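If you read the protein sequences in the order shown, they are chains A and B. This note's numbering applies: residue 20 is where the first sequence begins, and numbers increase by one. This note's numbering applies: residue 20 is where the second sequence begins, and numbers increase by one. Have a look at the structure below, then the notes.
Number of protein chains: 2
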Amino acid sequence: MNEKHTIKNILKRCIESGFRMTEQRKLIATVLDKTIDHPHVEELFSRVNSEDPKISIATVYRTVKLFEEAGIIEKLEFIDGKTRYEDAEREHHDHLIDMQNGKIIEFVDKDIELLQEKIAARYGYKLLGHRLELYGKKIK
Amino acid sequence: MNEKHTIKNILKRCIESGFRMTEQRKLIATVLDKTIDHPHVEELFSRVNSEDPKISIATVYRTVKLFEEAGIIEKLEFIDGKTRYEDAEREHHDHLIDMQNGKIIEFVDKDIELLQEKIAARYGYKLLGHRLELYGKKIK
DNA sequence: CTAGGTGCAAATGGTTTGCTCGAGG
DNA sequence: CCTCGAGCAAACCATTTGCACCTAG
């Protein structure tokens, strides 16, 4: 039921992008590949750091930026002000954030995607991107 | 055609909230009332500063936060990382951002609002808030 | 070998805060 | 008056950068 890995993993795409694959970059790519939640950069750093205590947070920031610019991962910024990244090759989705516990639920809704394009068109615009986050609390 | 000011202005609501109305707060409220665009805090500061060169940016930050916590204005954070505020009493709307020139267009769409509630409900959530921004470029 | 990456610490930029003085009610 | 706000500068926090050293190819 989980189709997350029918696509090439991040590590592989990094290699194909022709990056010099240092130990640090390999490690960061591997950790990102294992990620199923939405850690912010500090949290990603601490996961990576637990496997390589020498790695610096500057390297993590530099590396995610590099991967992002290559279109391998995608930047997310929710209201907590912390940056998160997720695999860019995954099916497009938006996020529903649980305001009680911070949990992030991904969802896909074709109707809402279409509606957004229609709204942009209504104002004479071509939609290049969007950001949709729902903030809610569990019923009951 | 412009119904922006059929509601009480920000200054009035500040007074009714029982704030101690200092010169600085009055000035900030007044400038906010005159605002028709979406200046970020630094820009708001420079507008305010041009009327009172003594005012400090710390006061602007403290004041907008105060007004926000009282529900008088609403915080916006777009992808440029800068905070903007707008009158909270205005009709709810979302934003379409012109990626070529940074211009911000406001729009209202009932369908998209309803759809968002439906999506939240689908996951067992009550929608408390949302953030929807469309980024686009002008056609032709 | 050597271009380019890393670690470290210092710089940055937006925002917040501690402190002391000043002004609103 | 006396409490609360303002101005100032220093602190903060996430992120970026300069530099000397190191490593992948």
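Virtual Cβ for every residue (Gly too), placed ideally from N, Cα, C. Bear in mind that the values here come from a model prediction, so they are computed numbers and not experimental data.
Asked	Found
N- and C-terminal bounds of the alpha helix (DSSP H) containing Lys122 of chain B	Looking at the DSSP string, Lys122 of chain B is not in any alpha helix (DSSP H), and its letter there is neither H nor E.
Straight-line gap, Asp12 of chain B to His111 of chain B (C-alpha atoms, nearest Å)	It is not possible to answer for residue 12 of chain B, since the shown part of chain B is limited to 20 through 159.
Burial state of His24 of chain A (16 or more Cβ within 10 Å)	Residue confidence for His24 of chain A is low, a pLDDT of 45 falling below 50, so the modelled location carries little weight and cannot support an answer.
DSSP three-state assignment for Ile131 of chain A, whether helix, strand or coil	helix
Cβ of Ala48 of chain A within 8 angstroms of any chain B Cβ	no
Ile92 of chain B versus Glu152 of chain A: straight-line alpha-carbon distance, rounded	20 angstroms
Boundaries of the beta strand (DSSP E) in which Thr102 of chain A is found, first to last residue	Thr102 to Asp106
Beta-carbon proximity of Tyr142 of chain A to Leu115 of chain B, cut-off 8 angstroms	yes
Arg150 of chain A: contacting residues in chain B (beta-carbon distance under 8 angstroms)	Ile98, Arg150, Leu151, Glu152 and Tyr154
Where Ala139 of chain B meets chain A, residues with beta-carbon distance less than 8 angstroms	Leu115, Leu153 and Gly155
6 angstroms Cβ shell around Glu87 of chain B - same chain, five flanking residues per side excluded	Lys94
Below-8 angstroms beta-carbon distance, Tyr144 of chain A vs any chain B residue	yes
Identity of the residues DSSP links to Asp52 of chain B by a beta bridge	Paired residues: none, contrary to the question.
Span separating the alpha-carbon of Ala107 of chain B from that of Met40 of chain B	19 angstroms
Cβ of Asn21 of chain A within 8 angstroms of any chain B Cβ	Low confidence applies to Asn21 of chain A: its pLDDT is 45, below 50, so where it sits in the model is not reliable, and the reading given next is rough at best. No, Asn21 of chain A lies away from the interface with chain B (no Cβ there is under 8 angstroms from its Cβ).
Minimum C-alpha distance to Glu136 of chain A - residue among A:Arg150, A:Arg66 and A:Ser69	A:Arg150
Neighbour list for Leu133 of chain A in chain B, Cβ cutoff strictly below 8 angstroms	The premise fails here: Leu133 of chain A is roughly 10 angstroms from chain B at the closest Cβ pair, so nothing lies under 8 angstroms.
Residue closest to Ile158 of chain B, alpha-carbon to alpha-carbon, out of B:Met118, B:Glu132 and B:Leu134	B:Met118
Coarse secondary structure for Lys94 of chain B, derived from DSSP in three states	strand
Glu42 of chain A - DSSP class collapsed to helix/strand/coil	helix
Per-residue DSSP class, three states only, for Lys73 of chain A	coil
Residues within the region 29 to 48 of chain B neighbouring chain A, beta-carbon criterion of under 8 angstroms	none
Amino acids of chain A, ordered along the chain, whose beta-carbon sits closer than 9 angstroms to that of Leu147 of chain B	Met118, Leu153, Tyr154, Gly155 and Lys156
Boundaries of the alpha helix (DSSP H) in which Glu35 of chain B is found, first to last residue	Ile29 to Glu35
Rounded separation between Glu61 of chain A and Ile76 of chain A - CA only	8 angstroms
Which residues DSSP lists as bridging Arg150 of chain A, in chain order	B:Glu152
Separation of Gly100 of chain A from Thr78 of chain B, as counted between CA atoms	22 angstroms
Buried or exposed (CB count within 10 angstroms, at least 16 for buried), Ala140 of chain B	exposed
Check: Asp52 of chain B C-beta below 7 angstroms from any heavy atom of the ligand ZN	With respect to the ligand ZN, the structure offers nothing, as it holds no ligand at all.
Span separating the alpha-carbon of Lys84 of chain A from that of Asp113 of chain B	29 angstroms
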